[in-house]
């Protein structure tokens, strides 16, 4: 399997080179040269596969002969160490809970897989790897945990001051050893810009051997396809007929999560629609309506991980649909909600289903409701379409908003209690690439 840049101005590379480079030399994002296809036997018997088995099969399609069967088994065994249960809210709406990993967010899937995969390649080399990543919330904690003490790898995490919750900040600033945090006096878009500039700086690349753990790295998206497939497996193994149309409602910020859903669909997964659920940072929904991609400065909301005004993975989405707005807008539908609507959804979930949720998942559930109202299809046997909303974070990670809105909190996990006993350690930076470069070269 070869990987090509979305901008097509550089040579194809191997899977190993794609994930270790992170960003292509021409500034584009890597994609498989040809989208791999899921075996027909797998699709027909998907209900019989576990999450780990889905992970091993899917990984083998993306890496082909670059990682041995034993290597793939090692990567999956050490990365998929937590469950992804589905909670049924109604006959037509369920939540796929992706927050049962170490950092209590869906990003654990991508970060742990990436750490294990990069570690597998790096141990065969003498040149250490430096991971540079920007976070708008949950990526930082997942990366800090996933890469902690992985031999041959050091990590630098940029996050916006005041742009993450207290728990999120503690998850990425209370690690020791090979993880360093930088608090940037700016927005997530500033952090992301600084990271991109770093990858295009020849001196940094030569001296630090940079790679990324953001969703600009293809290794972040591959494991995120696993849970789309596993959700279908879980539904069908629970007795749902495979002919019922299934759509996914995806909290969308930098668009890595929904791009992974597009991969799964293009690989052959029976997904009807992908629903992009955003807050007021509605760059993708506006594009879907108008056909014009118009980034705007990010606005702060209670669903801060989606406070992204210029989502990097739009470039991948555009490339996957060959720049055709019509094809993209037929398969991806967009809905945007303000904070007031998000809080109302959080209350409604608790009152209607006794289900406590946080802002990002609430946005996905709101989008699912609106989609079902507008798109509901009655099948020949009378069954309705099903939507699975992705639950991307544990409610405790947004405890202030959840308690203020719903008047209650879930029990605090031991992993969260532990980080409050540690001291935060970070380096404060202005939103300046020059300052970041100086820090990286001196470390």
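In the numbering used here, the protein residues as written are 174 to 616.
Don't be surprised by glycine CBs; every beta carbon is placed ideally from N, CA and C.
CA-CA distance, residue i and residue j?
i: residue 177; j: residue 491; result: 14 Å
i: residue 236; j: residue 174; result: 6 Å
i: residue 587; j: residue 275; result: 10 Å
i: residue 238; j: residue 351; result: 30 Å
i: residue 348; j: residue 598; result: 8 Å
i: residue 227; j: residue 409; result: 14 Å
i: residue 607; j: residue 382; result: 18 Å
i: residue 188; j: residue 387; result: 16 Å
i: residue 464; j: residue 508; result: 15 Å
i: residue 209; j: residue 231; result: 9 Å
i: residue 353; j: residue 601; result: 11 Å
i: residue 552; j: residue 459; result: Its pLDDT being 45, under 50, residue 552 is placed unreliably in this model, and the value from its coordinates should be taken loosely. Residue 552 and residue 459: Cα-Cα distance of roughly 31 Å.
i: residue 577; j: residue 521; result: 14 Å
i: residue 610; j: residue 377; result: 7 Å
i: residue 416; j: residue 407; result: 15 Å
i: residue 234; j: residue 244; result: 14 Å
i: residue 252; j: residue 575; result: 29 Å
i: residue 583; j: residue 529; result: 8 Å
i: residue 345; j: residue 330; result: 8 Å
i: residue 401; j: residue 569; result: 24 Å
i: residue 327; j: residue 301; result: 8 Å
i: residue 374; j: residue 380; result: 10 Å
i: residue 224; j: residue 403; result: 6 Å
i: residue 504; j: residue 593; result: 43 Å
i: residue 542; j: residue 405; result: 20 Å
i: residue 579; j: residue 523; result: 8 Å
i: residue 341; j: residue 596; result: 14 Å
i: residue 240; j: residue 396; result: 15 Å
i: residue 212; j: residue 204; result: 20 Å
In its own chain, which residues sit with a C-beta less than 7 Å from the C-beta of residue i, not counting the 5 before and 5 after it?
i: residue 432; result: 394, 486, 489 and 490
i: residue 361; result: 307, 309, 333, 336, 471, 480 and 481
i: residue 615; result: none
i: residue 272; result: 278, 279, 564, 565, 566 and 567
i: residue 229; result: 245, 246 and 249
i: residue 370; result: 606
i: residue 585; result: 569
i: residue 190; result: none
What whole-angstrom Cβ distance do residue i and residue j have, given they're in contact under 8 Å?
i: residue 461; j: residue 502; result: 5 Å
i: residue 287; j: residue 392; result: 4 Å
i: residue 179; j: residue 193; result: Actually they do not touch by this definition, with Cβ atoms about 18 Å apart.
i: residue 512; j: residue 538; result: No, residue 512 and residue 538 are not in contact; Cβ-Cβ is about 15 Å, not under 8 Å.
i: residue 296; j: residue 325; result: 6 Å
i: residue 338; j: residue 571; result: 6 Å
i: residue 293; j: residue 249; result: Actually they do not touch by this definition, with Cβ atoms about 11 Å apart.
i: residue 452; j: residue 510; result: 6 Å
i: residue 540; j: residue 478; result: About 15 Å separates the two Cβ atoms, so there is no contact after all.
i: residue 355; j: residue 612; result: 7 Å
Return the chain-ordered list of same chain residues with a C-beta closer than 8 Å to the C-beta of residue i, the five sequence neighbours on each side being excluded.
i: residue 359; result: 333, 334, 603 and 604
i: residue 385; result: 195, 196, 304, 305, 306, 368 and 372
i: residue 466; result: 456, 460, 487 and 491
i: residue 185; result: 175, 176, 177 and 206
i: residue 526; result: 262 and 263
i: residue 343; result: 592, 593, 595 and 597
i: residue 544; result: 420, 422, 446, 448, 506, 508 and 560
i: residue 514; result: 539
i: residue 413; result: 559
Near residue i, which residues of its chain fall below 6 Å by C-beta distance, leaving aside the five closest residues on each side in sequence?
i: residue 438; result: 444
i: residue 483; result: 362 and 468
i: residue 435; result: 493
i: residue 323; result: 288 and 292
Item to check | Stretch pair the region 262 to 270 + the region 556 to 573: three plus CB contacts closer than 8 Å | outcome: In this structure the region 262 to 270 lies against the region 556 to 573, because at least three pairs of beta carbons, one per stretch, are closer than 8 Å.
Next on the checklist: In chain order, what are the residue ranges of uninterrupted alpha helix (DSSP H) at least 4 long that sit wholly in the region 429 to 490?
Outcome noted: If only uninterrupted alpha helix (DSSP H) runs of at least 4 residues are considered, those enclosed by the region 429 to 490 are 429 to 439 and 456 to 463.
Next on the checklist: Using 8 Å as the cut-off, can you tell me whether the region 564 to 572 makes contact with the region 516 to 536, which would need three or more C-beta pairs spanning the two stretches below that distance?
Outcome noted: Enough Cβ pairs lie closer than 8 Å, so yes.
Next on the checklist: In chain order, what are the residue ranges of uninterrupted beta strand (DSSP E) at least 3 long that sit wholly in the region 390 to 428?
Outcome noted: Correct list: 419 to 424.
Checklist entry - Would you call the region 281 to 299 and the region 250 to 263 in contact, with 3 or more CB pairs under 8 Å? => result As far as the Cβ criterion goes, the region 281 to 299 touches the region 250 to 263, which means the pair count is three or higher.
Item to check | At least three beta-carbon pairs within less than 8 Å, the region 420 to 434 to the region 193 to 200 | outcome: With the rule of 3 Cβ pairs closer than 8 Å, the region 420 to 434 does not count as touching the region 193 to 200.
Checklist entry - Does the pairing of the region 317 to 327 with the region 415 to 425 give three or more beta-carbon distances under 8 Å? => result The region 317 to 327 is not in contact with the region 415 to 425.
Next on the checklist: Measuring CB atoms only, is the region 206 to 220 touching the region 440 to 455, in the sense that at least three cross pairs come out at less than 8 Å?
Outcome noted: Note that the region 206 to 220 touches the region 440 to 455; at least 3 beta-carbon pairs, one per stretch, sit closer than 8 Å.
Item to check | alpha helix (DSSP H) runs wholly inside the region 321 to 351, at least 4 long, in chain order | outcome: Whole alpha helix (DSSP H) segments, 4+ residues: 339 to 346.
Item to check | Runs of alpha helix (DSSP H) wholly within the region 504 to 546 (minimum 4 residues, chain order) | outcome: Uninterrupted alpha helix (DSSP H) stretches at least 4 residues long and entirely within the region 504 to 546 occur at 512 to 526, given in chain order.
Checklist entry - Which ranges would you report for the alpha helix (DSSP H) in the region 200 to 260 if only whole runs of at least 4 residues count? => result Listed in chain order, the complete alpha helix (DSSP H) runs (minimum 4 residues) inside the region 200 to 260 are 213 to 217, 224 to 236 and 242 to 252.
Checklist entry - Of all the beta strand (DSSP E) runs that stay within the bounds of the region 585 to 616, which reach a length of 3 or more residues? => result If we require 3 residues or more, the beta strand (DSSP E) runs fully inside the region 585 to 616 come out as 600 to 602.
Checklist entry - Along the chain, which unbroken stretches of the beta strand (DSSP E) at least 3 residues long are found entirely within the region 273 to 308? => result As far as the region 273 to 308 is concerned, its whole beta strand (DSSP E) runs of at least 3 residues are 302 to 307.
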